[in-house]
Amino acid sequence: MKRIAVVDNEKLKDMQKKLYIQGLCPVNRRGIECIKIEDKKLYIDELTCIGCGICVKAAPESIKVINLPEALNQQPIHRYGENEFMLYSLPTPVFGKVVGVIGKNGVGKSTALKIISGNLKPNLGDYEQDGVGYDELIQFFKGTEAQGFFERMKKGEIKASYKPQHVDLLPKTAKGKVGNLLKKIDEKKRFDQVIELLDLGNILENDLATLSGGELQRVAIAATVLRDANLYIFDEPSSFLDIEQRIRVSRFIKGLADEKTAVLVVEHDLIILDYMTDNIHIMYGEEGAYGIVSQPKATRVGINVFLDGYLKEENIRFRDHEIRFFQRPPEKHSKNIPLCSWEQIECKLGRFHLKAVKGELHREKTIGVVGKNGIGKTSFVKLLAGVMKPDKGKLNEKLRVAYKPQYIEGDETLVITVLKEAIDRFNALLVQPLALEELFYKPLNTLSGGQLQRVAIARCLSQDVDLFLMDEPSAYLDIEQRLLISKIIRDLMEQTGKTALIVDHDLLFIDYLSDELIVFEGKPAIEGEVKGPFSMEAGMNQFLGGLNITLRRDEESHRPRINKPGSQKDRQQRSEQKLYYS
Numbered sequence: 010m011k012r013i014a015v016v017d018n019e020k021l022k023d024m025q026k027k028l029y030i031q032g033l034c035p036v037n038r039r040g041i042e043c044i045k046i047e048d049k050k051l052y053i054d055e056l057t058c059i060g061c062g063i064c065v066k067a068a069p070e071s072i073k074v075i076n077l078p079e080a081l082n083q084q085p086i087h088r089y090g091e092n093e094f095m096l097y098s099l100p101t102p103v104f105g106k107v108v109g110v111i112g113k114n115g116v117g118k119s120t121a122l123k124i125i126s127g128n129l130k131p132n133l134g135d136y137e138q139d140g141v142g143y144d145e146l147i148q149f150f151k152g153t154e155a156q157g158f159f160e161r162m163k164k165g166e167i168k169a170s171y172k173p174q175h176v177d178l179l180p181k182t183a184k185g186k187v188g189n190l191l192k193k194i195d196e197k198k199r200f201d202q203v204i205e206l207l208d209l210g211n212i213l214e215n216d217l218a219t220l221s222g223g224e225l226q227r228v229a230i231a232a233t234v235l236r237d238a239n240l241y242i243f244d245e246p247s248s249f250l251d252i253e254q255r256i257r258v259s260r261f262i263k264g265l266a267d268e269k270t271a272v273l274v275v276e277h278d279l280i281i282l283d284y285m286t287d288n289i290h291i292m293y294g295e296e297g298a299y300g301i302v303s304q305p306k307a308t309r310v311g312i313n314v315f316l317d318g319y320l321k322e323e324n325i326r327f328r329d330h331e332i333r334f335f336q337r338p339p340e341k342h343s344k345n346i347p348l349c350s351w352e353q354i355e356c357k358l359g360r361f362h363l364k365a366v367k368g369e370l371h372r373e374k375t376i377g378v379v380g381k382n383g384i385g386k387t388s389f390v391k392l393l394a395g396v397m398k399p400d401k402g403k404l405n406e407k408l409r410v411a412y413k414p415q416y417i418e419g420d421e422t423l424v425i426t427v428l429k430e431a432i433d434r435f436n437a438l439l440v441q442p443l444a445l446e447e448l449f450y451k452p453l454n455t456l457s458g459g460q461l462q463r464v465a466i467a468r469c470l471s472q473d474v475d476l477f478l479m480d481e482p483s484a485y486l487d488i489e490q491r492l493l494i495s496k497i498i499r500d501l502m503e504q505t506g507k508t509a510l511i512v513d514h515d516l517l518f519i520d521y522l523s524d525e526l527i528v529f530e531g532k533p534a535i536e537g538e539v540k541g542p543f544s545m546e547a548g549m550n551q552f553l554g555g556l557n558i559t560l561r562r563d564e565e566s567h568r569p570r571i572n573k574p575g576s577q578k579d580r581q582q583r584s585e586q587k588l589y590y591s
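Using my numbering, the letters of the sequence shown correspond one by one to residues 10 to 591.
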């Protein structure tokens with residue numbers, strides 16, 4: 010049995026605990042060195058380790074010992090160090106196509122993109138060397154499509170341009186006005202065209218440091234494609250974008266691929282991934298320990314295989330359950346008991362004007378909220394939460410409300426302190442499914458974006474209130490986590506008889522959890538109008554009309570998919586005025 014051991018010595022700092030763990034090891038007790046301590050760091054010899062799990066139980070937050078799939082008889086493409094993360098194989102770009110990469114967080118997607126873009130030299134598992142050259146990579150991938158790719162890289166026939174995942178860090182590496190910065194890197198002389206396609210004209214005079222997350226994302230995409238390259242790599246291009254912007258960006262990225270250009274994309278929004286890609290690779294493994302890249306599959310087939318959790322060709326089950334969608338969302342037999350209402354609400358924020366004519370929320374419902382960025386969704390949530398007061402109109406102010414804001418900040422408070430109520434009331438329903446135990450003794454300001462999001466969601470949902478308000482709970486979460494969160498929210502509302510209002514830009518996430526829909530219309534930064542709640546069908550028909558797209562259900566998995574514009578299905582649904590599933 011092949012196994013790997015991963016040790017996080019940053020977490021395991023107590024020398025007494027390291028010595029204690031070393032003394033527990035049955036292999037060490039027999040006089041064979043399995044666990045050693047060198048330079049104040051603990052290491053596990055993977056060859057002598059018997060996988061007993063005793064050291065893991067002693068320090069579960071710091072040590073992982075994992076039995077690799079039996080079918081995995083290959084050399085890794087890269088390992089960061091002794092007892093550190095290991096990546097097997099790579100996704101392969103294809104000229105003329107957009108190739109997607111799908112998988113949960115922590116299995117090496119960004120590492121793979123860095124290797125392909127040339128920003129990281131792989132070491133073929135030998136972490137004591139700096140990295141190998143193209144000759145070794147060509148030999149490593151002999152007989153595969155990747156061999157041809159690296160042969161072309163060696164000849165200088167492929168030049169990569171890479172958009173990193175964390176666009177919020179851009180202001181730390183570049184200074185100045187957006188227009189000036191983009192003109193400096195316009196190697197293809199496509200400045201005007203790219204600015205128009207990505208709708209950047211109104212921020213060219215803005216300083217980079219003043220941009221929102223969505224604006225930074227589109228600037229980063231523009232900077233990537235303005236460079237003279239024939240391989241464009243995008244790591245999570247839809248983050249921070251609203252749904253309309255996601256559609257625009259996905260069309261833009263899809264249009265980049267031709268016989269002379271290849272595109273590679275990592276994306277967590279399944280609808281957008283499906284819409285923009287031709288093929289996908291599934292990446293699976295153990296978070297923070299190892300990652301494996303599957304063979305390429307046609308996008309529709311690949312996404313359905315990912316949801317199923319089983320790779321038939323490799324005979325590997327990488328998830329112990331399948332993710333299921335329903336052809337029609339299961340109807341709740343609630344009594345439509347009113348919870349709160351609003352009438353003729355108006356609110357002025359500078360030059361922005363928000364209004365909500367009339368609406369009502371009912372108990373035991375999960376209501377999705379959709380609309381463009383800058384159109385008042387967060388402001389409306391704050392009005393309901395009592396964080397803001399309306400200038401005009403009636404609003405039920407007697408509600409007990411729990412509010413998860415869009416932007417979450419961490420301090421030095423320990424997670425276990427923040428989650429006390431969640432642990433006491435909903436340990437089985439919230440804490441365990443969200444894998445929060447391993448975070449208990451970490452300060453909030455040391456958590457990743459995804460970890461902080463999960464903690465904030467659990468904290469919000471554990472409160473004894475009438476209404477849960479959540480602003481973009483899918484941000485920083487991978488596909489599996491998003492679908493898990495949506496199921497948890499639905500289940501909790503049904504079991505407790507409470508109501509949740511969820512603002513988000515991931516249409517699949519909204520589709521998966523919502524009973525009803527509130528639609529925001531208007532002009533960003535100028536005016537916004539709240540409409541609804543509607544039934545899902547009525548609300549989505551209204552919203553999709555503004556996006557000029559139609560959605561259908563996949564025949565096999567029943568997941569939502571965007572119809573190709575002008576296709577038979579698209580024309581049929583438009584003629585029947587059923588933009589949301591016919």
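Every residue gets a Cβ at the ideal spot worked out from N, C-alpha and C, and that includes glycine.
**Report entry** Helix, strand or coil at residue 569 [DSSP, three-state]
**Finding:** Strand at residue 569.
Requested in this report: Using 10 angstroms around the beta-carbon of residue 189, count the other beta-carbons present and answer buried if the total reaches 16, otherwise exposed.
Outcome: exposed
**Report entry** Endpoints, the beta strand (DSSP E) within which residue 309 is located
**Finding:** No beta strand (DSSP E) holds residue 309; the alpha helix (DSSP H) holding it covers 308-317.
**Report entry** Distance between residue 172 and residue 363 (C-alpha atoms, nearest Å)
**Finding:** So the two alpha carbons sit approximately 35 Å from each other.
Query raised in the report: For residue 294 versus residue 117, is the C-beta distance shorter than 9 Å?
Result: For residue 294 and residue 117, yes; Cβs fall inside 9 Å.
Report task. Could you pull out every residue in the same chain whose Cβ sits closer than 8 Å to the Cβ of residue 476, ignoring the five residues on either side in sequence? Result -> 348, 349, 370, 393, 408, 409, 410, 411, 507, 508, 509 and 510
Requested in this report: Return the bridge partner residues of residue 476 from the DSSP annotation.
Outcome: 410 and 508
**Report entry** residue 446 versus residue 440: straight-line alpha-carbon distance, rounded
**Finding:** 7 Å
Query raised in the report: Any idea if residue 41 is buried or exposed, counting beta-carbon neighbours within 10 angstroms, 16 or more meaning buried?
Result: Residue 41 comes out exposed.
Query - Simplified DSSP state of residue 101, which is helix, strand or coil - result: coil
Query raised in the report: Is DSSP giving residue 96 helix, strand or coil here?
Result: strand
**Report entry** Whether residue 312 touches residue 278 by CB criterion (9 Å)
**Finding:** Annotated as distal: residue 312 and residue 278, with beta-carbon spacing of 9 Å or more.
Query - residue 278 - containing alpha helix (DSSP H), residue span - result: Neither: residue 278 is in no alpha helix (DSSP H) and is coded neither H nor E.
Query raised in the report: Quick one: what does DSSP say residue 6 is sitting in, helix, strand or coil?
Result: Absent from the model: residue 6. The displayed extent of the chain is 10 to 591, so no value can be given.
Query raised in the report: Is the beta carbon of residue 202 within less than 8 Å of some heavy atom of the ligand NAD?
Result: With respect to the ligand NAD, the structure shown offers nothing to examine, as it has no ligands at all.
Query raised in the report: In chain order, which beta strand (DSSP E) runs of at least 3 residues are fully inside the segment 100-172?
Result: 107-111 and 169-172
Query raised in the report: Unbroken beta strand (DSSP E) runs of length 3 or more, entirely within the segment 21-102: which are they?
Result: Entirely contained in the segment 21-102, the beta strand (DSSP E) runs reaching 3 residues are, in chain order, 44-47, 50-53, 72-76 and 95-97.
Query - Identified DSSP bridge partners for residue 350 - result: In the DSSP output, where bridge partners are listed per residue, residue 350 has 369.
Query raised in the report: What three-state label does DSSP hand residue 444 in the structure shown?
Result: coil
Query raised in the report: Are the beta-carbon atoms belonging to residue 274 and residue 242 less than 9 Å from one another?
Result: yes
**Report entry** Outcome for residue 416 when other beta-carbon atoms lying within 10 angstroms are tallied against a minimum of 16
**Finding:** exposed
Query - Secondary structure of residue 295, DSSP reduced to three states - result: strand
Query raised in the report: To the nearest whole angstrom, what separates the beta carbons of residue 75 and residue 299, a pair I think is in contact under 8 Å?
Result: 7 Å
Requested in this report: Have a look at residue 533 and residue 211 and give me their C-alpha separation to the nearest angstrom.
Outcome: 12 Å
Query - Segment contact, 8 Å Cβ cut-off, at least three pairs: the segment 254-273 with the segment 100-117 - result: yes
Query - Residue range of the unbroken beta strand (DSSP E) whose run includes residue 543 - result: Counting along the chain, the beta strand (DSSP E) containing residue 543 begins and ends at 536-544.
Query raised in the report: Should residue 544 and residue 525 be called a contact, given that it needs their Cβ atoms to be closer than 9 Å?
Result: yes
Query raised in the report: When the Cα of residue 122 is compared with those of 244, 22 and 111, which residue comes out closest?
Result: 244
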